[in-house]
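S.K.: Just so we're aligned: 15 in our numbering is position 15 of the first sequence, and the numbers increase by one with no gaps anywhere. Built from N, CA and C at the ideal position, the CB exists for glycine as well.
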Amino acid sequence: MASEKAAKAENAAASVAAKAAGKVAPLQSPFPLATLRHSVSHLMASAVEALFPGAQFGFGPAIEHGFYYDFELPEPLEERALERIENEMRRIAKKAGAMVCSEYTREEAAARLEKRGQKYKLEAVQSIPAGEKITFYAHAGWEDLCEGPHIDRFDRPFFFKLQRVAGAYWRGDEKNPMLQRVYGTAFWTKEDLAQHLAWLEEVERCDHRHLGTELDLFSHHQEAGGGFIFWHPKLGAVRREMEKFWWDLHQARGYMPVYTPHVARETLFAVSGHLENYGDLMYAPMAIDELPYRVKPMNCPGHILIYQNRGRSYRELPLRWAELGTVYRYERSGVLHGMLRVRGFTQDDSHIFCTPEQLPGEIAGVLELVRTLLSTYGFEFTAYLATRPKEKSIGTEEVWERAIAALKEGAAKAGIPLELDEGGGAFYGPKIDFKMKDALGREWQTSTVQCDFNLPERFELSFTDKDGAKKRPIMVHRAIYGSLERFTGVLIEHYGGKFPFWLAPTQVALIPIREAHGEYCRELAARLGAEGLRVTCMDDAAHMNKKIKEAAHDKVPFLLIAGEREVAERKVTVRQRDLEQQESVPFEEFLERARQLARTRSLVL
RNA sequence: GCCAGAGUAGCUCAACGGUAGAGCACCGCUUUCGUAAAGCGGGGGUUACGGGUUCAAAUCCCGUCUCUGGCCCCA
């Protein structure tokens, strides 16, 4: 078992490394890539001023894969203007020569910006703390307030591309005016740029929205409104496997299933505090028998009602209750995105009610569960301990300390290292969030474990302890998939639509060479089906070339081809996804292999 | 929600003021074939929806819905 896990992890790591290779840029030249990109953002700004006189400038930093610069322009910027800007950048770069840094006093700086009418830059210069240096960087007669650092000159070889235009609020605050942002990227070599662009193409190819259409996995509909996912049968099959796996893990760890309604009286959410703290994200009330009801945005109040239904003894704790609970949240239209950001989604939600003493053990249990689940899908992950927020939060300092200590202790027990996310906790308690890395090297937030001091208080939860005293239980919220929709969307991209055998919507396709071999194939299909495998028998009149093409298009893991030779020897010719070479094996041997792959939830295929 | 762009057959796209088209998919007939598209034929669109301009609108204008890229927020 241990070696099997190691093999899984190794396989996943190799695939991650291979795919991520595209985005790792080697360090070269005397300046880091981020410095080059920052300088190219200046170059772009100077080009924009040349082409759009009267432009106001915001900020223009380097970011993870490139840079951006925010502008306020007299006219809307269209994507097709990017080429013009690029050409102007090349023209300026040719004659630019050196990049020169000058230091000024606050007054001098303000005067220089005033002269050019740069209102955003003026605001920026005013917010530079006293005592800090105020510098400008200039090239080709164009200067910008900037702390640097920058490359020394523009006549070095470098390669860039402007990518897209977008809107962005000044200083990220939606009360401020919206500026136009141009994103781009830059590299020291042509090859690195080409490699990065190839990686972006690969990301595009793996986009779950495209694959979702191509593989007939899911859809959304204008008739239903944005943010609601319709799972097609093929993705339904994947989800059933995910749910089965999920439940197997939970059952083995002492969780019990609960089921709660989707709608409840508004008063329930008033008691829970959701109305007050979460109201903007909740759907409007509906009147039932003249009383207001709400669609649930979270599952916790429902689980609490079950807890409260009778007195609880310390003997029962910890209680671990789990539900695949579908919740609905009003998300602003602009944030919706495929399966990754939706308005209705199913959380693999669970609430653990326990004593303070039990907390570290419970946390360790959850973390182990997270690790087992994520690694089965081939994800690497990082765990972050999120501590008390600076602004409002509830609970005494002592309670927070104890909970954080319990989270740390639990993580140590489970052998999971924690990064620190200072002040990132919820107002009601500290938490551990997981970021998992997919095959393309991108990070996603899914799993979370949260301590909650708020709800037990609000609902006055209690248990009777050994000494007969009523005490307050601690509540742990945790979700591992987070949202089935989001996790599945990430999975589609992670696998590029090539689901491993255990998850594949169709696991095996049988292809008879002639009609006469159809009966043999149907028999084998029935055998495989009886094993619980998802099989299709392609015994219609089409030519076999076409069937192979179709099955390959659907990314079916195994094609079994049977003609005269196979029928005679009770064999099948196995054509494995993405493998040129094929082998002819006894059917029983294939069946055993398929069983094994499914049972172990192998990532190998 | 905000800024910008877009919505034509199931999918990918063409037509960009003058009769809405192609490839793939789908259906039918023929073909029974040894490894990634067999041949022939056929059906399918109130051009997202609603209004307007015009002799004439997929095409121009306005509104709504949905989507895309971002901002903000988040599972």
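(1) If you count every other CB in all the chains shown that lies within 10 Å of the CB of residue 551, and 16 or more means buried, which is it?
(2) Counting only runs that start and end within the region 100-170, where is the alpha helix (DSSP H) found for 4 or more residues in a row?
(3) Since residue 158 contacts residue 145 with CB under 8 Å, what's their CB separation in whole angstroms?
(4) Quick check: residue 503 and residue 238, are their CB atoms within less than 8 Å of each other?
(5) Exposed or buried, which one is residue 362 when buried takes at least 16 other CB atoms within 10 Å?
(6) In whole angstroms, what separates the C-alpha of residue 71 from that of residue 435?
(7) Note down, in chain order, each residue of its chain lying with its Cβ closer than 8 Å to the Cβ of residue 317, except the 5 sequence neighbours on either side.
(8) If we call anything under 8 Å between Cβ atoms a contact, is residue 616 one with residue 558?
(9) Which residue comes first and which comes last in the beta strand (DSSP E) that contains residue 474?
(10) Over the uninterrupted alpha helix (DSSP H) stretch that includes residue 511, give me the two end residues.
(11) Would you tell me roughly how many angstroms separate the C-alpha atoms of residue 414 and residue 265, rounded to the nearest one?
(12) Quick check on the DSSP output: what are the complete beta strand (DSSP E) runs of length 3 or more inside the region 408-435, in order along the chain?
(13) In the DSSP output, what is residue 451 paired with across the bridge?
(14) Measuring straight from C-alpha to C-alpha, what distance separates residue 452 and residue 381?
(15) State yes or no: is the C-beta of residue 376 within less than 8 Å of the C-beta of residue 601?
(16) Please identify the residue among 276, 134, 186 whose C-alpha is closest to the C-alpha of residue 63.
(17) Could you check if residue 349 is buried or exposed, using at least 16 other CB atoms within 10 Å of its CB as the buried criterion?
(18) Going by beta carbon distance, what residues of the same chain come within less than 6 Å of residue 478, once the five residues before and after it are set aside?
(19) May I have the straight-line CA-CA distance separating residue 573 from residue 378, to the nearest angstrom?
(20) Residues in the same chain with beta-carbon distance under 8 Å from residue 41, minus the five sequence neighbours each way, listed in chain order, please.
(21) By the DSSP assignment, the beta strand (DSSP E) with residue 293 in it spans what residues?
(22) Anyone know if the C-beta pair for residue 231 and residue 245 falls short of 8 Å?
(23) Answer with buried or exposed for residue 259, where buried requires no fewer than 16 other C-beta atoms within 10 angstroms of its C-beta.
(24) Tell me, please, whether the region 539-550 touches the region 506-513 by the rule of three or more beta-carbon pairs shorter than 8 Å.
(25) Going by Cα to Cα distance, which pick from 56, 302, 459 is closest to residue 75?
(26) Find out if the Cβ-Cβ distance for the pair residue 486, residue 345 is shorter than 8 Å.
(27) Count the other CB atoms within 10 Å of the CB of residue 282; is the residue buried (16 or more) or exposed (fewer)?
(28) For residue 400, list the residues DSSP reports as bridge partners.
(29) Assuming residue 537 is part of the beta strand (DSSP E), what are its boundary residues?
(30) Give a yes or no on contact between the region 326-339 and the region 381-394, applying the rule of three or more CB pairs nearer than 8 Å.
(31) Is residue 248 closer than 8 Å to residue 234 when the C-beta atoms are compared?
(32) Rounded to a whole number of angstroms, what is the C-alpha to C-alpha distance between residue 313 and residue 469?
(33) Do residue 500 and residue 385 have their C-beta atoms closer together than 8 Å?
(34) Output the distance between the C-alpha atoms of residue 208 and residue 506, rounded to the nearest integer angstrom.
(35) Nearest-angstrom Cα distance between residue 530 and residue 523?
(36) So the alpha helix (DSSP H) residue 185 belongs to, where does it begin and stop?
M.R.: Looking at the atomic coordinates:
(1) By the neighbour-count rule (16 or more Cβ atoms within 10 Å), residue 551 is buried.
(2) 106-115, 119-126
(3) So it is not a contact: roughly 23 Å between Cβ atoms.
(4) yes
(5) buried
(6) Each residue's alpha carbon lies about 33 Å from the other.
(7) 353, 354, 355, 358, 463, 473
(8) Missing from the structure shown is residue 616; the chain here goes from 1 to 605 and no further.
(9) 474-483
(10) Note, residue 511: premise wrong, no alpha helix (DSSP H); beta strand (DSSP E) at 508-512.
(11) 40 Å
(12) List check, beta strand (DSSP E) in window: 418-421.
(13) 476
(14) 24 Å
(15) yes
(16) 186
(17) buried
(18) Around residue 478: 350, 366, 449.
(19) In a straight line, the C-alpha of residue 573 is about 29 Å away from that of residue 378.
(20) 60, 61, 62, 67, 68, 69, 184
(21) Unbroken beta strand (DSSP E) run through residue 293: 291-295.
(22) no
(23) exposed
(24) With the cut-off at 8 Å, the region 539-550 and the region 506-513 touch.
(25) 56
(26) yes
(27) Under this definition residue 282 is a buried residue.
(28) The bridge partners DSSP lists for residue 400 come to none.
(29) 535-537
(30) no
(31) No, Cβ-Cβ distance for residue 234 and residue 248 is not below 8 Å.
(32) 10 Å
(33) no
(34) One C-alpha to the other measures close to 18 Å.
(35) 11 Å
(36) Note, residue 185: premise wrong, no alpha helix (DSSP H); beta strand (DSSP E) at 178-187.
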